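Asker: In full-length UniProt numbering, the protein residues as written are 1 to 228. All C-beta atoms, glycine included, are put in the ideal place defined by N, C-alpha and C. Owing to the predicted nature of the structure, the values given are computational and were not obtained by experimental measurement. Have a look at the structure that comes next, please.
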């Protein structure tokens with residue numbers, strides 16, 4: 001039986017930090033060893049994918065390095081500020097719950113939290129990188145079965161709106177969104193559902209969470225959409 005991960009708002013990763021997991025990801029334009037200073041990281045984001053070991057129920061988030069050694073963690077369930085401490089000149093201990101460590105070793109990034117399965121270090125751009133771009137791909141349920149074979153997102157060149165639907169010629173809906181660091185966006189639909197969209201290495205990674213009046217839940221659907 002595959003169980004869903006708990007919500008980002010509860011920071012699941014800090015409750016179960018037991019084993020090292022050395023999966024890493026490389027950003028095409030950013031070379032951490034040349035440009036990223038762990039002692040002065042402001043102006044950078046860390047994209048993190050969290051999922052079960054089999055890749056099911058993925059959650060996408062971005063961690064913004066704030067002044068005063070604070071990480072602002074943004075995802076489909078909202079934003080959380082968590083303090084961190086620099087350890088040994090190449091690692092960050094996130095001080096929330098039972099804690100988690102993220103280690104920077106040249107172009108490799110890994111964590112003591114085994115459900116963190118992908119990392120990309122991104123320098124914050126000066127302008128909205130989503131504006132005027134369109135993406136298409138397949139939407140999946142948490143268990144990796146297909147929800148929608150074809151789906152698209154098209155961001156307006158001006159203003160913070162995005163069209164979404166099954167056929168790019170006919171939008172099913174248009175949503176207002178809140179930019180997150182010029183690389184991501186969060187949209188709250190009229191029915192209370194939430195979308196979190198982040199641009200990573202040319203792909204739009206999206207989580208969709210169905211509204212629940214109870215404790216915020218882990219994302220219900222996900223997809224990686226290719227720019228058109």
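Can you tell me whether residue 149 is buried or exposed, with buried defined as 16 or more other CB within 10 angstroms of its CB?
Answerer: exposed
Asker: Does the distance from the C-beta atom of residue 153 to that of residue 60 stay below 8 Å?
Answerer: For the pair residue 153 and residue 60, the CB atoms are not nearer than the 8 Å cut-off.
Asker: What does the alpha-carbon distance come out to for the pair residue 52 and residue 118?
Answerer: 12 Å
Asker: So who's on the other strand from residue 156, going by DSSP bridges?
Answerer: Residue 156 is not bridged to any residue.
Asker: Check whether the segment 193-200 and the segment 105-114 are in contact - that is, three or more C-beta pairs closer than 8 Å.
Answerer: no
Asker: Is residue 170 helix, strand or coil when you go by DSSP?
Answerer: strand
Asker: On a CA-only basis, which of 115, 131, 189, 101 is nearest residue 180? Give me that one, please.
Answerer: 131
Asker: Would you kindly report the start and end of the unbroken beta strand (DSSP E) that includes residue 130?
Answerer: From DSSP, residue 130 is part of no beta strand (DSSP E); its letter is neither H nor E.
Asker: From residue 122 to residue 191, what distance separates their C-alpha atoms?
Answerer: 32 Å
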